[in-house]
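Just below is one structure, and these are the notes that go with it.
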Amino acid sequence: MDQKKQMRHQLIDGWANTLGKACMAGFFGKPMLAGPDSKIICTQGPRAAILDIYAGYQAEAVLKALAKSNAANLRQTIGWQYARGPFVFLNGPLIRVEVSWPDGLERGIIPLESINNRPGGNGRWVVGQLENGTTHLQQLTKSSPHLMVAGESGSGKSTVLQSLVKQFSDDDDNQLVLIDGKGGEGLGCVSGCSNIVGPLARDVEDAKAALQWTVDQMEYRYEHEADGQKFLDGCKRIIVVFDEPQEYTDKSLGGQDAAVVELCRALAVKARASKIHLVMGTQSPNLSIFGHQATRKQLGQRIVGKVEAQKASEVALGTSSPSAHNLAGEGDLYCKTESGLIRRVQGAFVDKDVLRAKYTHPPMMSDWPVFDAEAMRPIEGFNIDELVIGLEIAAKGQGRPALEGAAEMGSHRAKNLLRNAKELWNRLESRGFDYVG
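In my numbering, the protein residues as written are 73 to 509.
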């Protein structure tokens, strides 16, 4: 055991012992943690000492006691000088207490290459190192297809996105679409990675073109879904990485583009079953950056670095506790998993200068197809019987060939009807409606 690790071990072990004795002696008002299920688990996190407290039936009383008066009493049990903490919150069945290490004992930079556990494809990627020293993987799946990455300047948000792009680009089963609302400031260094579909979209026109290309891919896959799972299995996974979308979606910034808002909404709501995923990164998490509330609701996975205020943390994590406002920055992250648990992770570091120098592949397409606004307009001219048939086909998850036969219409007309029927059905599903056929 190296000297710093031994020092951390001694500090956190002493803290847990002192805290346990204080609880049982009634230091917090009455004796606690005396039951057979009560225990304290110590963890040497990269940026913080962490105690997970299993308090059993006393959990509510213990939580209130430790957090009382802004954890004033709890501070007296900590035997070292610290910059941040203690922070107390309920995390699943346990109470978690976090406090920063004294100067010199933090572990800030953990290079991606030093993490041995590789993801193995199928939508998995390495986020970083967990508080217990193990690798934290996340996965883009059909049940949890989209991700938001948030954090102020210096939080590690851009590094997370760069690491994600680098890892997914190494897998030939993936294709990536890169959009940067800051003109290339965040994603420019990874635009030369393998399996990038088109040029980095640096302005609103390219953003619309890249998003429409992706929506067209989604529609094409749904049109052929009647061909069976084998067809979809043969399709590449498409990951759209959109850094700083608020430049084109936030009305308060004066640059909202209705087409970008709608295209993002369509992907967020409808792409779930088409092996297409949306990753959005922002320095300023607020309710208006997504342009449409449906987009925000579909970003179920969250990775959040340090943010400037409690409200921003609530928007980013979707919960009031813990608060990302208390993180240390520089890759110190809270990761909200598909199950809803929140883990503290030190993000894997990638050097953007090395990425820029090492990866110089041209994109698969030299230009994006020109954005066609006409393709986004709702199609009218269908009678009520056709609309009912279209809605039934969409609810059953069937494709265009089934609609052509059921409604006795041509391919082009069936394509337009099915697109609108699917959008309507998605809206009905989001309001709790179900199909019984």
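Idealized CB from N, CA, C, for every residue including glycine.
- Collapsing the DSSP output to three states places Trp-197 in a strand.
- With a cut-off of 8 Å on Cβ pairs, the stretch 314-322 is not in contact with the stretch 184-191, counting fewer than three such pairs.
- In the DSSP assignment, Ser-235 falls within the unbroken alpha helix (DSSP H) covering 229-241.
- In the three-state reduction of the DSSP assignment, Lys-369 falls in the helix class, which pools H, G and I.
- If you check the CB distance, Gly-117 and Glu-170 come in under 9 Å.
- For Ile-465, the uninterrupted alpha helix (DSSP H) segment begins and ends at 456-468.
- At the C-beta level, Val-422 and Thr-231 come within 9 Å of one another.
- The Cβ-Cβ distance between Leu-91 and Ala-131 does not fall below 9 Å.
- Here the alpha carbon of Asp-439 sits roughly 28 Å from the alpha carbon of Leu-325.
- Nearest C-alpha to Tyr-126 among Ser-141, Glu-410 and Cys-95: Cys-95.
- In the three-state scheme derived from DSSP, where H, G and I count as helix and E and B as strand, Pro-103 is classed as coil.
- In this structure, Met-352 sits away from Met-481, with a CB-CB distance that is not shorter than 9 Å.
- By the neighbour-count criterion, in which 16 or more other beta carbons inside 10 Å mark a residue as buried, Thr-149 falls on the buried side.
- Contact check for Thr-432 and Gly-260: beta-carbon distance about 12 Å, past the 8 Å limit, so the pair fails to qualify.
- Relative to the Cα of Gln-239, the nearest Cα in the group Leu-272, Arg-196 and Gly-226 belongs to Arg-196.
- Out of Gly-205, Arg-80 and Ile-268, the CA that lies nearest to the CA of Tyr-154 is found in Arg-80.
- With a beta-carbon spacing of about 6 Å, Leu-405 and Ile-375 fall inside the 8 Å limit used to define contacts.
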